[in-house]
């Protein structure tokens, strides 16, 4: 499917907003209260997504029980949360990664991991963001597609990035589009879930305090959300029928990378100042709104204020 014709797939199904909101708040330690604004946060994203997190997912806990789900990359932050959510839903879940002996590049441990799997989730990421990223995603995706076909896996779920197709000048985002294209053309029924950047990613980007009194970051527009929310959406997609398409999920506010970083530092008692610069880091090459979600994306509930106060 050509990139320009892609549309977000919004889940439909019997669900009560009241019951789901209670379960979502329970899962995310939601604090309720007003929708806080920080810096230049906007009440609605620039691209005006219209589906809320509460009405955009089919059930509070995946309802089809007893599935065998393999999560590759299941020992990382999002993967760990996803495994917990799926197991709470009654599924048989196996978490695999390099640390457990599975290597998608060499295929070591891959056939054994997929044996008997109904669903496989791929959360693996390139170790670099440079020109090696396309090679990594091509090799690992092709290996996984072939192994999943051989194992007769009925559903391949992959995490991608909102707006990757709008930033072809960066090798990493170009590589994620390549991965999506390989999956769409592959032999395994699939679902692609694209997410915006997480609060945790921005916090991890901050250099250690010993690096100096200032932190230099670009004013790239983001629509951040919590890693647990990404995990939740991945879990609901994994427990359902293959979308044969793409679903986007994003946060409720539009903030710049610099604003998120400054608020995070302040909340952590760090007195450093964030200075914006157009040549600072990976996101410096994304000056516009390319990484914001389109209309139709599912909007997660957690604001930056709520995440910082968790």
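Residue numbers (the numbering used here): 0 to 309. All C-beta atoms, glycine included, are put in the ideal place defined by N, C-alpha and C.
Quick one: Cα of residue 137 to Cα of residue 81, how far?
Numbered from 1 along the chain shown, position 138 holds the residue referred to as residue 137. Numbered from 1 along the chain shown, position 82 holds the residue referred to as residue 81. In this structure, the CA atom of residue 137 is about 24 angstroms from the CA atom of residue 81.
For residue 253, which of helix, strand or coil comes out of DSSP?
Numbered from 1 along the chain shown, position 254 holds the residue referred to as residue 253. Coil, per DSSP.
Taking contact to mean at least 3 C-beta pairs separated by less than 8 angstroms, is the segment 256-264 in contact with the segment 192-211?
At 8 angstroms Cβ cutoff, the stretches touch.
Opening and closing residue of the alpha helix (DSSP H) in which residue 180 lies:
Counting from one through the chain shown, the residue named residue 180 turns up at place 181. 170-184 is the span of the alpha helix (DSSP H), which, as asked, contains residue 180.
I need the boundaries of the alpha helix (DSSP H) containing residue 195, first residue and last residue.
As a working note, residue 195 is residue 196 in the chain shown. Where residue 195 is concerned, there is no enclosing alpha helix (DSSP H), given that its DSSP letter is neither H nor E.
Would the segment 224-232 count as touching the segment 291-308 if we require 3 or more Cβ pairs under 8 angstroms?
Cβ pair count under 8 angstroms is three or more, so yes.
So what's residue 221 in DSSP terms, helix, strand or just coil?
On the chain shown, position 222 is the one that residue 221 refers to. Residue 221 carries a strand assignment under DSSP once its states are collapsed to helix, strand and coil.
Neighbour-count burial assignment, residue 190, 16 or more Cβ in a 10 Å radius:
Reading the chain shown from its first residue, position 191 is the one you call residue 190. Flag for residue 190 reads buried.
Are the Cβ atoms of residue 71 and residue 121 separated by less than 8 angstroms?
As a first step, residue 71 is located in the chain shown; it is residue number 72 there, counting from the start. As a first step, residue 121 is located in the chain shown; it is residue number 122 there, counting from the start. For residue 71 and residue 121, yes; Cβs fall inside 8 angstroms.
Around the C-beta of residue 267, are 16 or more other C-beta atoms found within 10 angstroms, so that it is buried, or is it exposed?
As a first step, residue 267 must be located in the chain shown, where it is residue number 268. When all chains shown are included, residue 267 counts as exposed.
Bounding residues of the beta strand (DSSP E) (the contiguous stretch that carries residue 159):
Position 160 of the chain shown, counted from the start, is the residue given in the question as residue 159. Counted as a single uninterrupted DSSP element, the beta strand (DSSP E) harbouring residue 159 occupies residues 154-160.
Quick check: residue 222 and residue 179, are their CB atoms within less than 8 angstroms of each other?
Residue mapping note: residue 222 aligns to position 223 of the chain shown, counting from 1. Residue mapping note: residue 179 aligns to position 180 of the chain shown, counting from 1. Taking 8 angstroms as the cut-off, the Cβ atoms of residue 222 and residue 179 do not count as close.
Got a sec? Which residues, its chain only, sit under 7 angstroms from residue 232 by beta carbon, not counting five neighbours each side?
As a working mapping, residue 232 is identified with position 233 in the chain shown. These residues qualify, in order along the chain: 56, 192, 248, 297.
Any heavy atom of the ligand ZN inside 7 angstroms of the beta-carbon of residue 164?
Ligands displayed in this structure: none; no statement on the ligand ZN is therefore possible.
Residues near residue 196 by beta carbon distance below 6 angstroms, same chain, minus five either side
Against the chain shown, residue 196 aligns to sequence position 197. Hits under 6 angstroms: 221, 223.
Examine the Cβ distances between the segment 210-218 and the segment 234-241 and report whether three or more of them are shorter than 8 angstroms.
No: fewer than three Cβ pairs fall under 8 angstroms.
Under the three-state reduction of DSSP, which class applies to residue 142: helix, strand or coil?
Looking up residue 142 in the chain shown gives position 143. Here residue 142 sits in helix by DSSP.
Going by CA-CA distance only, name the one from 135, 176, 151, 271 that's closest to residue 207.
Numbered from 1 along the chain shown, position 208 holds the residue referred to as residue 207. Minimum Cα distance to residue 207 is reached at 271.
If you drop the 5 nearest sequence neighbours on each side, which residues of the same chain put their C-beta closer than 8 angstroms to that of residue 210?
Within the chain shown, residue 210 is the residue found at index 211, counting from 1. Correct list: empty, nothing qualifies.
Beta-carbon gap between residue 139 and residue 97 smaller than 8 angstroms
Here residue 139 refers to the residue found at position 140 when the chain shown is read from its first residue. Here residue 97 refers to the residue found at position 98 when the chain shown is read from its first residue. No, the Cβ-Cβ distance between residue 139 and residue 97 is not below 8 angstroms.
If you count every other CB in all the chains shown that lies within 10 Å of the CB of residue 274, and 16 or more means buried, which is it?
Translated into positions along the chain shown, residue 274 becomes position 275. It is exposed - the Cβ of residue 274 has fewer than 16 other Cβ atoms within 10 Å.
What are the start and end residues of each continuous beta strand (DSSP E) run of 3 or more residues lying completely inside the segment 58-135, in chain order?
Counting whole runs of 3 or more residues, the segment 58-135 contains the beta strand (DSSP E) stretches 67-71, 91-95, 118-121.
Assign residue 175 to buried or exposed, taking buried as 16 or more other Cβ atoms, counted over all protein chains shown, within 10 Å of its Cβ.
Looking up residue 175 in the chain shown gives position 176. By the neighbour-count rule (16 or more Cβ atoms within 10 Å), residue 175 is buried.
Since residue 301 is in the beta strand (DSSP E), which residue starts that stretch and which ends it?
Your numbering for residue 301 matches position 302 in the chain shown. No beta strand (DSSP E) contains residue 301, which DSSP labels as neither H nor E.
Once you ignore the five residues that flank residue 94 on each side, which residues in its own chain have a CB closer than 7 angstroms to its CB?
Within the chain shown, numbered from 1, the residue matching residue 94 stands at position 95. Around residue 94: 70, 73, 74, 78, 82.
Unbroken beta strand (DSSP E) run spanning residue 216, endpoints:
Position 217 of the chain shown, counted from the first residue, corresponds to residue 216. Start and end: 213-216.
CA-to-CA distance, residue 151 to residue 261, given in whole angstroms
Mapped onto the chain shown, residue 261 falls at position 262. Mapped onto the chain shown, residue 151 falls at position 152. Distance from the CA of residue 261 to the CA of residue 151, rounded to the nearest whole angstrom, comes to 48 angstroms.
Thinking C-alpha only, which one of 308, 142, 118, 182 is nearest residue 153?
Taking the first residue of the chain shown as 1, we reach residue 153 at position 154. Out of 308, 142, 118, 182, 118 has the C-alpha closest to the C-alpha of residue 153.
Whose C-beta lies closer than 7 angstroms to the C-beta of residue 177 among residues of the same chain, with five residues either side of it excluded?
Along the chain shown, one-based indexing puts residue 177 at 178. Closer than 7 angstroms at Cβ, skipping near neighbours: 133, 136, 137.
Between 68, 101, 105, which has its C-alpha nearest residue 91's C-alpha?
Along the chain shown, one-based indexing puts residue 91 at 92. Nearest Cα to residue 91 within the set 68, 101, 105: 68.
Buried or exposed by the 16-neighbour rule on C-beta atoms within 10 Å, applied to residue 308:
Here the question's residue 308 lines up with position 309 in the chain shown. Counting every other CB atom within 10 Å of its CB across the protein chains shown gives residue 308 a total below 16, marking it as exposed.
Mapping DSSP to helix, strand and coil, what is residue 149?
Numbered from 1 along the chain shown, position 150 holds the residue referred to as residue 149. In the three-state DSSP reduction, residue 149 falls in the helix class (H, G or I).
Which residue's Cα is closest to the Cα of residue 158: 87, 115, 125, 131?
Position 159 of the chain shown, counted from the first residue, corresponds to residue 158. Considering only alpha carbons, the answer is 125.
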